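Here is the structure we will look at.
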Amino acid sequence: WVSVRVTNMKLVQVLLVAALCAFASSSEVPIAKIQKDVLLLLAHINQPPMYPQWTKTMETYNVSLHASEYSKPEVVHQYELYESYGFLPKGEIFSVMYQPHLNQSIILFELFYYAKTYEAFYNTAVWARYHFNEGVFLYAYSLAVVHRPDMQDVILPPIYEIYPYYFYNVEVIQQAFKLKQMHNPQHPISAYDQNHGYTVFANYSGHYLNLHPEQSLSYYLEDVGINAFYYYYNLYYPFWMSSKEYGFAAVNRGEEYFVLYSQLIAKYYMERLSNGFGEIQYLNWDLPIETPYYPSLDYPNGLEFPYRPPFVKLQEYYYNYGQTWSWKSNYGYSYNLIQDWERRISDAIDYGVLNVHGQKINLYDSDALNILGNLIEGNPDSPNSEFYGMIWLYARHLLGYSYQPLDKYHIAPSALEHFETSLRDPVFYQLYKKIILLFYKYLYKLPFYSYDDLVFPGVEVVGVEIDKLVTYDDYFYSDISNVVYDTKDELLQDSFHIRVAQTRLNHKPFNYKITVKSEKAVQSVVKVFIAPIYDEYNRYINMTYNFMNMVLLDYFVYDLKAGQNPITRNSYDSQLYGKDPLSYHEIYQQMLSAESGKGSWSADQYYWYFPHRYMLPQGTPSGLPFQFYVAVYPYVPEKTEGSSSSRGFESFFYPIVNGKQFIDSYPLLYPFDKPIVYEKFWHGIPNFYSYETKVYHVEDVNVVH
4 WVSVRVTNMK LVQVLLVAAL CAFASSSEVP IAKIQKDVLL LLAHINQPPM
54 YPQWTKTMET YNVSLHASEY SKPEVVHQYE LYESYGFLPK GEIFSVMYQP
104 HLNQSIILFE LFYYAKTYEA FYNTAVWARY HFNEGVFLYA YSLAVVHRPD
154 MQDVILPPIY EIYPYYFYNV EVIQQAFKLK QMHNPQHPIS AYDQNHGYTV
204 FANYSGHYLN LHPEQSLSYY LEDVGINAFY YYYNLYYPFW MSSKEYGFAA
254 VNRGEEYFVL YSQLIAKYYM ERLSNGFGEI QYLNWDLPIE TPYYPSLDYP
304 NGLEFPYRPP FVKLQEYYYN YGQTWSWKSN YGYSYNLIQD WERRISDAID
354 YGVLNVHGQK INLYDSDALN ILGNLIEGNP DSPNSEFYGM IWLYARHLLG
404 YSYQPLDKYH IAPSALEHFE TSLRDPVFYQ LYKKIILLFY KYLYKLPFYS
454 YDDLVFPGVE VVGVEIDKLV TYDDYFYSDI SNVVYDTKDE LLQDSFHIRV
504 AQTRLNHKPF NYKITVKSEK AVQSVVKVFI APIYDEYNRY INMTYNFMNM
554 VLLDYFVYDL KAGQNPITRN SYDSQLYGKD PLSYHEIYQQ MLSAESGKGS
604 WSADQYYWYF PHRYMLPQGT PSGLPFQFYV AVYPYVPEKT EGSSSSRGFE
654 SFFYPIVNGK QFIDSYPLLY PFDKPIVYEK FWHGIPNFYS YETKVYHVED
704 VNVVH
């Protein structure tokens, strides 16, 4: 459910040649040089750039005088127009979920995106790095690196190393500042290591202020890899971006919206079961929100993230925080707006969608789930974004309990109002459970699968074997040197380093063997899901409900031969999960090696994967029961409209969750993409197989268990 790389590389290479014609001079720039530029532009983002090679460009570059270097002249005009209004000053807090800030970041992104050559893009970036707000620049530049075709071999360093403020609690940041102040290069204190610098050991927020039982899940909620994955997903599919204008119209964006959030909720539910909790609470706008949240995060300017006390009443929010200032922000009306939009979407599921021309769109054709997903997200591909709104955006402001801004420059966004920090707040999952239930309201109106729809004639799964499943905690290290302020000499010499050591969940590699019997040679698709068996009260979860909890673990094409087919896979074979990404320092060293000719550069760094560490839920010391569900069905290549070249190019650049764009023509969550009515009927399907096992969590993975 995360990412599968396109396999026809010859086709991709041909397509890239055509695409890069619009960026002609980029091919003349060594990729190691481009990668170095990216790393330097993102280094120490909160302090002014001090590299001498940038001085002239920063001080003299003028976008208006170089208007001919942008393939879309309107973007220069838009910049000039907005400049007269005033951009967000440096040092101020930025949030992409505040419209004035979003508008500014889009203007800057379009300057980057429509630069005709890499040289023009680079000069614009150097100039913007000096003149624009740090958050605006970071967001716009990261978007450009992701979406420009000539940057496809370039790696973005981990966001938790570029902007540690949003990933590590305030005591970690304070300790980093303290060590920096105490550091003497000639006489470093004993804790300094020549290879790694200083090491700060980080805890999760529950160790200091434990305000709610759900904070025992902070190891999952605050995991830097999971939060980084969500951030990168929203770089690839920004909610404001038109898929037609930016070249991913062939991707079923709305359907993927449903897949992403339904899988996030299912994974979190299994993690809750591992810790003795049950169902994610249902969110009711009219009832107090029982779950408090104290972020333990500070902004770079010293302002604390807003916190939400327990049992807040959302209907009081407008009267307490929005009424006087609501003319400055629509967020003041969040409580009323989200209820209006929710009712309209619910009505659309019952009676049909109205587009901007008042025409009715049938929600029960082949592309309806994609339409509904776009409508609920409220993206530019929505049939009527003004009428159906953006529940998720306004609900984040309401639930985050942040205050209305006094003006466009001074805001105090909650954790829910940054993609990097959203998943830290348990209410995030309550909100998206409510949103996903709108999808299920629609899905329950569709015809259910019959036996004939699901059976694979002549194919039977006769057995499954899985190794013992063991999870444990181990230390993960990330370089947070970018959080401290360096002198010019320290910056040029790269002489001060500090890293964070934090325990994260992991699991022992495991093998599983699927035995399939086939009457003839045939191509098939194999999917492996994991789901709970019992709820928190040890009650069996019937398949008619449990289909919502199925998490996709593996997904691949397999050529069956006549007779018995033993299929052996390792947990690392799955293309849906990714290993830990390289650190900023590791990328930099690899780049230097390639630049000097001593090594080669590899962009095989898929930071948009869901972390492989969290492939399995935590489990319990005594073993928590789970089921592995195997589905084998016919391989049917995806049918695309128009030429295949368009899809191939887009799938290379937009790899996240791309469901049926990559493997086959079936929905990504098939056969669990529709509700199940009769559980017994599912047990008789020969090409499906359910296997029960347990997941054990151990303190010391080296002890024999």
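Numbered according to the working numbering, the sequence shown terminates at residue 708, and the numbering increases by one at each position without gaps.
Glycine included, each C-beta is placed from N, C-alpha and C at the ideal position.
Owing to the predicted nature of the structure, the values given are computational and were not obtained by experimental measurement.
As assigned by DSSP and simplified to three states, the class of A398: As a working mapping, residue 398 is identified with position 395 in the sequence shown. A398 falls in the helix class under three-state DSSP.
Contact check, V531 vs D492, beta carbons under 7 Å: If you number the sequence shown from 1, residue 531 lands on position 528. If you number the sequence shown from 1, residue 492 lands on position 489. A distance of 7 Å or more separates the beta carbons of V531 and D492.
Simplified DSSP assignment, three categories, for D667: To locate residue 667, count along the sequence shown from 1; it is residue 664. Coil.
Sheet register partners of Y636 (DSSP bridge): Start at 1 with the first residue of the sequence shown, and residue 636 comes out as number 633. The secondary-structure analysis by DSSP pairs Y636 across a beta bridge with V528.
Where the beta strand (DSSP E) through A504 begins and ends: Looking up residue 504 in the sequence shown gives position 501. From DSSP, the beta strand (DSSP E) with A504 extends over I501 to H510.
Collapsed DSSP secondary structure at Y201 in the structure displayed: If you number the sequence shown from 1, residue 201 lands on position 198. Judged by DSSP in its simplified three-state form, Y201 adopts strand.
Reference R507; option with closest CA among L672, I414, V148 and A205: One-based indexing of the sequence shown puts residue 507 at position 504. Ranking L672, I414, V148 and A205 by Cα distance to R507 puts A205 first.
For H413, the residue or residues it bridges with in DSSP: As a position in the sequence shown, residue 413 is number 410, starting the count at 1. The partner list for H413 (beta bridge, DSSP) reads D410.
Straight-line gap, Y543 to E702 (C-alpha atoms, nearest Å): Walking along the sequence shown from the start, residue 543 turns up at place 540. Walking along the sequence shown from the start, residue 702 turns up at place 699. Rounded to the nearest angstrom, the two C-alpha atoms are 28 Å apart.
CA-to-CA distance, F675 to I688, given in whole angstroms: Here residue 688 is taken as the residue at index 685 of the sequence shown, counted from 1. Here residue 675 is taken as the residue at index 672 of the sequence shown, counted from 1. I688 and F675 have their C-alpha atoms roughly 14 Å apart.
Rounded C-alpha distance that separates V633 from V41: Numbered from its first residue, the sequence shown carries residue 633 at position 630. Numbered from its first residue, the sequence shown carries residue 41 at position 38. Approximately 43 Å, taken between the alpha carbons.
Where G257 falls: helix, strand or coil (DSSP): Position 254 of the sequence shown, counting from 1, holds the residue named residue 257. If DSSP states are grouped into helix, strand and coil, G257 belongs with the helices.
Beta strand (DSSP E) segments (min. 3 residues) lying fully within the segment 425–506: Fully enclosed beta strand (DSSP E) runs of 3 or longer: 462–469 and 472–482.
Nearest neighbour of Y367, chosen from P216, E423, Y445 and L105 [CA to CA]: Taking the first residue of the sequence shown as position 1, residue 367 is located at position 364. Nearest in C-alpha terms to Y367, of all of P216, E423, Y445 and L105, is Y445.
Proximity of P160 and Y699 at Cβ, strictly below 7 Å: By one-based count along the sequence shown, residue 160 stands at place 157. By one-based count along the sequence shown, residue 699 stands at place 696. For P160 and Y699, no; Cβs fall outside 7 Å.
Proximity below 7 Å, CB of K677 to CB of Y452: Along the sequence shown, read from residue 1 onward, the residue named residue 677 stands at position 674. Along the sequence shown, read from residue 1 onward, the residue named residue 452 stands at position 449. Yes, the pair counts as a contact, with Cβ atoms nearer than the cut-off.
Of the residues M553, Y432 and S574, the one placed nearest D470, counting alpha carbons only: For this step, residue 470 is matched to residue 467 along the sequence shown. Closest by alpha carbon: S574.
Whole-Å CB distance - N541 paired with E682, under 8 Å assumed: Position 538 of the sequence shown holds residue 541. Position 679 of the sequence shown holds residue 682. A Cβ-Cβ separation of about 18 Å leaves N541 out of contact with E682 under the 8 Å criterion.
Whole-number beta carbon distance between Y144 and A128, since they are thought to touch under 8 Å: Position 125 of the sequence shown, counted from the first residue, corresponds to residue 128. Position 141 of the sequence shown, counted from the first residue, corresponds to residue 144. Contact holds; Cβ gap of about 6 Å.
Strand pairing of F559, partner residues [DSSP]: Within the sequence shown, residue 559 is the residue found at index 556, counting from 1. Partner(s): V529.
Coarse secondary structure for Y357, derived from DSSP in three states: Stepping through the sequence shown from its first residue, residue 357 is reached at position 354. In the sequence as displayed, the identity of residue 357 is Leu instead of Tyr. Reduced to three states, the DSSP call for L357 is strand.
Alpha-carbon spacing of D196 relative to E225, whole angstroms: To locate residue 196, count along the sequence shown from 1; it is residue 193. To locate residue 225, count along the sequence shown from 1; it is residue 222. Rounded to the nearest whole angstrom, the CA to CA distance from D196 to E225 is 27 Å.
Start and end residues, beta strand (DSSP E) containing T63: In the sequence shown, residue 63 corresponds to position 60, counting from 1. For T63, no beta strand (DSSP E) segment is defined; the enclosing uninterrupted segment is the alpha helix (DSSP H) at T58 to T63.
Rounded C-alpha distance that separates A22 from L105: Position 19 of the sequence shown, counted from the first residue, corresponds to residue 22. Position 102 of the sequence shown, counted from the first residue, corresponds to residue 105. With a pLDDT of 42 at A22, under the threshold of 50, the modelled position of this residue cannot be trusted; read the value that follows with caution. A22 and L105: Cα-Cα distance of roughly 28 Å.
First through last residue of the alpha helix (DSSP H) which encompasses G138: Taking the sequence shown and counting its residues from 1, one reaches residue 138 at position 135. The continuous alpha helix (DSSP H) containing G138 extends over residues E137 to H150.
Rounded separation between I590 and E164 - CA only: Along the sequence shown, one-based indexing puts residue 590 at 587. Along the sequence shown, one-based indexing puts residue 164 at 161. Looking at the two C-alpha atoms, the distance is approximately 12 Å.
Three-state secondary structure assigned by DSSP to R746: What is shown of the chain runs 4 to 708, which leaves residue 746 out entirely.
Per-residue DSSP class, three states only, for E695: Numbered from 1 along the sequence shown, position 692 holds the residue referred to as residue 695. Secondary structure of E695 (DSSP, three-state): strand.
Segment limits, alpha helix (DSSP H) that includes I34: By one-based count along the sequence shown, residue 34 stands at place 31. Residue range I34 to L45 is occupied by the alpha helix (DSSP H) that includes I34.
E517, enclosing beta strand (DSSP E) - first and last residue: Taking the first residue of the sequence shown as position 1, residue 517 is located at position 514. First, the residue type needs correcting, since residue 517 is Ile and not Glu in the sequence shown. From DSSP, the beta strand (DSSP E) with I517 extends over N514 to S521.
I283 vs K436 beta-carbon contact at 7 Å: Taking the first residue of the sequence shown as position 1, residue 283 is located at position 280. Taking the first residue of the sequence shown as position 1, residue 436 is located at position 433. In this structure, K436 lies closer than 7 Å to I283 by Cβ.
Distance CB(W604)-CB(I158) smaller than 7 Å: On the sequence shown, residue 604 is found 601 positions in, with the first residue counted as 1. On the sequence shown, residue 158 is found 155 positions in, with the first residue counted as 1. Not a contact, by the Cβ cut-off of 7 Å.
F134 to S498 span [Cα, whole Å]: Translated into the one-based positions of the sequence shown, residue 134 becomes position 131. Translated into the one-based positions of the sequence shown, residue 498 becomes position 495. Here residue 134 turns out to be His, not Phe, going by the sequence shown. Answer to the nearest angstrom: the Cα atoms are 26 Å apart.
CB of S388 within 7 Å of CB of G622, strictly: Mapped onto the sequence shown, residue 388 falls at position 385. Mapped onto the sequence shown, residue 622 falls at position 619. It is not a contact, given that the beta carbons lie outside the stated cut-off.
Enclosing alpha helix (DSSP H) for L286 [first to last residue]: Mapped onto the sequence shown, residue 286 falls at position 283. Taken as a continuous stretch (DSSP letters only), L286 belongs to no alpha helix (DSSP H), as it is neither H nor E.
Beta-bridge pairing of F613 - partner residues as DSSP gives them: Residue mapping note: residue 613 aligns to position 610 of the sequence shown, counting from 1. In DSSP, F613 forms a bridge with Y580.
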